[in-house]
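Novice:
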Amino acid sequence: MNEFVAAASLPARCSWVALSSHRDDRGALVAIEGEADAPFSIRRVYFLHGTAPDAERGFHAHRELTQLAVCVAGSCLMLLDDGEIRSIVRLHGADRGLVIGSMVWREMREFSDDCVLLVLASEHYAEADYIRDHARFLEAVTESRQ
Ligand code: TYD
Numbered sequence: 000m001n002e003f004v005a006a007a008s009l010p011a012r013c014s015w016v017a018l019s020s021h022r023d024d025r026g027a028l029v030a031i032e033g034e035a036d037a038p039f040s041i042r043r044v045y046f047l048h049g050t051a052p053d054a055e056r057g058f059h060a061h062r063e064l065t066q067l068a069v070c071v072a073g074s075c076l077m078l079l080d081d082g083e084i085r086s087i088v089r090l091h092g093a094d095r096g097l098v099i100g101s102m103v104w105r106e107m108r109e110f111s112d113d114c115v116l117l118v119l120a121s122e123h124y125a126e127a128d129y130i131r132d133h134a135r136f137l138e139a140v141t142e143s144r145q
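Going by numbering that gives the first Met the number 0, the sequence shown opens with residue 0, and the numbers climb by one from there.
Here's what the structure looks like:
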């Protein structure tokens, strides 16, 4: 499994964002600003924690939503699929975020015991924005390219 997948091989609409850490003898502080570090205005924040090591999450794409995921503690694997390119990346370290754009299928697994995955989102929660069937995702992403 690749520890790091270079930006060039990430699926479409996905990219890494470097986050500045303000580090001093007290520790580190990382700030994330909307329309600056996150390439959208932030309307929702959620985080995953206490995830069972054998749990698998995600298995969906979003029609419109863009998100920025930062693993602020521990690590997990994320599979990203734009219908053509499938990449598996390891999220770890609070100094780097992963932008996941619309119409990208994602699956998450191999959460470490201490994993805290912070996600900033461009929209409020809306079940109607989800595509939870991979075959339907492939149809929709193909249609969106035409
Ligand atoms: P789910 O979509 O299953 O999470 P994942 O894609 O990570 O596997 O969401 C779990 C539950 O949390 C489900 O009942 C919906 C709810 N939820 C919210 O209420 N707000 C949110 O912003 C998110 C992401 C989920």
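Beta carbons: idealized from backbone N, C-alpha and C, even for Gly.
With a Cβ-Cβ cutoff of 7 Å, do Gly49 and Ile41 count as a contact?
Specialist: no
Novice: For the alpha helix (DSSP H) containing Val140, name the first residue and the last one.
Specialist: Val140: member of the alpha helix (DSSP H) spanning His133 to Arg144, first to last residue.
Novice: Alpha carbon to alpha carbon, how far is Ser20 from Leu9?
Specialist: 24 Å
Novice: In whole angstroms, give me the CA-to-CA distance for Asp113 and Ala125.
Specialist: 28 Å
Novice: Go ahead and label Ser143 buried or exposed: buried means 16 or more other beta carbons lie within 10 angstroms of its beta carbon, across all protein chains shown.
Specialist: exposed
Novice: Contact defined as beta carbons within less than 8 Å: I believe Cys75 pairs with Glu109. What is the distance between those atoms, to the nearest angstrom?
Specialist: 6 Å
Novice: Please list, in chain order, all residues of the same chain as Glu63 whose beta carbon is under 7 Å from its beta carbon, the five residues on each side excluded.
Specialist: Ser101, Glu122 and Asp128
Novice: Assuming Ala72 and Val115 make a contact with CB atoms under 8 Å, what is their CB distance in whole Å?
Specialist: Rounded, the Cβ-Cβ distance is 4 Å, consistent with contact.
Novice: Are there any heavy atoms of ligand 1 lying less than 6 Å away from the beta-carbon of Gly96, as far as the coordinates show?
Specialist: no
Novice: Measuring CA to CA, which of Ala35, Ala134, Leu137 and Pro52 is closest to Gly96?
Specialist: Ala35
Novice: Select from Cys13, Cys70, Arg22 and Ala54 the residue whose C-alpha is nearest the C-alpha of Glu92.
Specialist: Reading off the sequence, residue 92 comes out as Gly, not Glu. Measuring from the Cα of Gly92, the nearest candidate turns out to be Cys70.
Novice: Which runs of the alpha helix (DSSP H) fall wholly inside the segment 33 to 101 and span at least 4 residues, in chain order?
Specialist: none
Novice: Using a threshold of 6 Å, is the CB atom of Gly100 nearer than that to any non-hydrogen atom of ligand 1?
Specialist: no
Novice: What is the C-beta distance between Ala120 and Arg43, in whole angstroms, given that I count them as a contact (C-beta under 8 Å)?
Specialist: 4 Å
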